[in-house]
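Let me begin by presenting the structure, written as structure tokens, before commenting on it.
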């Protein structure tokens, strides 16, 4: 990687400040301004100490580009059972359903509602056949293996409820009910890409956050990253936008969430690779600052990648661990939301 | 007639020393038991998995290592002097601000990411003084969009010009928290707000300066709620009210509250400058 040796992107931390060796330039500037008067007093005293050897890092910017979850997560069986139980308790305790607010008297819709209500015994359509006011009201827990409360069952019940009652032979009623708009069934929670295991697709694992991972020229998987352009003095946000463009093409609508990095990864160089930059500082390693980004539209395109990207994948958090180096993973693990 | 023993909690609380104590309200046998939650709200999931971490990144304030936060000192004004009455006298509040202590704004960390606390729906029905039907209609409308029975309030004083009479029922409120609030906010932001015509969004000037944002809906906007839309013909057209919605957040500044609401999807518009 010739770009890594680019001296323009090598900088030293706190080059002007001997007191605050370990903090960044903007912080040291702030301190200098805040304590201008005291600093002037200190500056009068001649310092006899020799300047400490300067250390520097190669600066890189990285982008953690993610697609947020699109649908709610699957509920745990306990959550399902708990919610169903609470709904049935509510049937027993809530105010009665105000039927005449929703259905006018002597209308086909009210007749249809009554027939369906007789069948399922309760106004709620998603709790199965449960009568809150009968002598069996105590029997409010589903039996082992019952389908009540399962999402597929609820979906089916709600859709069936929208259809006219099957035994209706009254012509007027059928005509009136036909005018009603029957909603479509909801889309499935898994997609074709899920079945095919297509890791390049953004239309999969809808319940999870997907992160863009790219394969660099050396064959290592990592988040898109490149040296910070010190000549142009670009901000980290500008770097992140440039890196997305250069590594994954212009066919994505993205949003860099903040101006600050959300994490960093430090990689020390081997003994043979430690160099000295033009300012006389020892460049002992590289630091990647990760910016957080979201993809709104589009898809990555690596055909004209300027950063030598040879492959890309959209992966959930646990799959990233299998692709990257353990030390890399250790520095990004806490940045990535688990869902 | 049942023969088996059935526990019935006492109807009245007769003091802490009475042998027959009612069970705590979260006990199912309690008369005060309220069931729930019934669902995992989608908006809450979005908040947990997307919004909270984005807010943390957006609200980050850099603290210089070793420097810490600037100590602003004691805000209270203590009684200084030789008078013996100053001993143990409670300190005065800061100058200005009507004597109220404003909440201290701390930098946002993982511990205090702003979140939604409460949504208060309020409607004032001045016509209810003459005709109670207006109040009933408004009450049913609020009940159907919120899922809670609306609380009725009386006029505190008579005002001749407004036709307000002291003691008459004129307004309704519903306070929503937790699951119900998340469902209500999701409906408001995803179904109602996109359909409102010629509406630039919530004013950026809205807010009480401590992180609570208010907005108003006109009668025609309230009919866009799906629960009202299904049986719109049951409401008398002239008796559909407008309402105010106060969204309370845990943010202590309006700026952060607006940021939270815009990440959720509430559109904001800048104040139009008058020439």
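Protein chains in written order, with the UniProt record's numbering: chain U, 1 to 339; chain B, 1 to 275. Using N, Cα and C, we set each Cβ at its ideal position, and we do this for glycine too. In this text, all values refer to a predicted model and were calculated from it rather than measured experimentally.
{"Query": "From B:98, B:241 and B:221, residue whose alpha carbon lies closest to that of residue 172 (chain B)", "Result": "B:241"}
{"Query": "Residue-level contact to chain B via CB, residue 337 (chain U), 7 Å cutoff", "Result": "yes"}
{"Query": "Per DSSP, the bridge partner or partners of residue 330 (chain B)", "Result": "The requested residue 330 (chain B) is not part of the displayed model; chain B covers only 1 to 275."}
{"Query": "Test: residue 332 (chain U) CB closer than 7 Å to a CB of chain B", "Result": "no"}
{"Query": "Residue 332 (chain U) vs residue 54 (chain B) beta-carbon contact at 7 Å", "Result": "no"}
{"Query": "For residue 190 (chain U) and residue 124 (chain U), the rounded distance between their alpha carbons", "Result": "27 Å"}
{"Query": "Unbroken alpha helix (DSSP H) run spanning residue 185 (chain B), endpoints", "Result": "178 to 187"}
{"Query": "Residue range of the unbroken alpha helix (DSSP H) whose run includes residue 78 (chain U)", "Result": "77 to 93"}
{"Query": "Within chain B, partners of residue 139 (chain U) - CB distance below 8 Å", "Result": "Those do not exist, as residue 139 (chain U) stays about 15 Å from chain B at its closest Cβ, beyond 8 Å."}
{"Query": "Proximal chain B residues relative to residue 63 (chain U), where beta-carbon distance stays under 9 Å", "Result": "Those within 9 Å of residue 63 (chain U) in chain B number zero; the least Cβ separation is about 13 Å."}
{"Query": "Host beta strand (DSSP E) of residue 123 (chain B) (start-end)", "Result": "116 to 124"}
{"Query": "Cutoff 7 Å: residue 257 (chain U) Cβ touching any chain B Cβ", "Result": "yes"}
{"Query": "CB contact check: residue 114 (chain B) to chain U, cutoff 7 Å", "Result": "no"}
{"Query": "Contact set between the segment 281 to 298 of chain U and chain A, restricted to residues whose Cβ is under 7 Å from the partner", "Result": "Looking at the structure shown, chain A is missing, and the protein chains on hand are U and B."}
{"Query": "At least three beta-carbon pairs within less than 8 Å, the segment 246 to 260 of chain U to the segment 288 to 308 of chain U", "Result": "yes"}
{"Query": "Reference residue 321 (chain U), options U:211, U:96, U:110 and U:104, closest by Cα", "Result": "U:211"}
{"Query": "Alpha carbon of residue 143 (chain U) to alpha carbon of residue 126 (chain U), nearest angstrom", "Result": "16 Å"}
{"Query": "Residue-chain proximity (residue 58 (chain B), chain U), Cβ-Cβ < 7 Å", "Result": "yes"}
{"Query": "Residue 44 (chain B) beta carbon less than 7 Å from that of residue 119 (chain B)", "Result": "no"}
{"Query": "Sequence-distant residues of the same chain with beta carbon closer than 8 Å to residue 105 (chain B), five excluded per side", "Result": "252 and 253"}
{"Query": "Distance between residue 200 (chain U) and residue 313 (chain U) (C-alpha atoms, nearest Å)", "Result": "5 Å"}
{"Query": "Rounded C-alpha distance that separates residue 211 (chain B) from residue 268 (chain U)", "Result": "45 Å"}
{"Query": "Nearest residue (CA-CA) to residue 130 (chain B), options B:115, B:111 and B:163", "Result": "B:163"}
{"Query": "Residue 70 (chain U) at chain B interface by Cβ criterion, 7 Å", "Result": "no"}
{"Query": "Under 7 Å between C-beta atoms of residue 24 (chain B) and residue 179 (chain B)", "Result": "no"}
{"Query": "Burial state of residue 228 (chain U), where buried means 16 or more other Cβ atoms lie within 10 Å", "Result": "buried"}
{"Query": "Under the three-state DSSP convention, the category residue 215 (chain B) falls into", "Result": "strand"}
{"Query": "Exposed unless 16 or more other CB atoms sit within 10 angstroms - verdict on residue 209 (chain B)", "Result": "exposed"}
{"Query": "Residue 258 (chain B): first and last residue of the uninterrupted alpha helix (DSSP H) it sits in", "Result": "254 to 264"}
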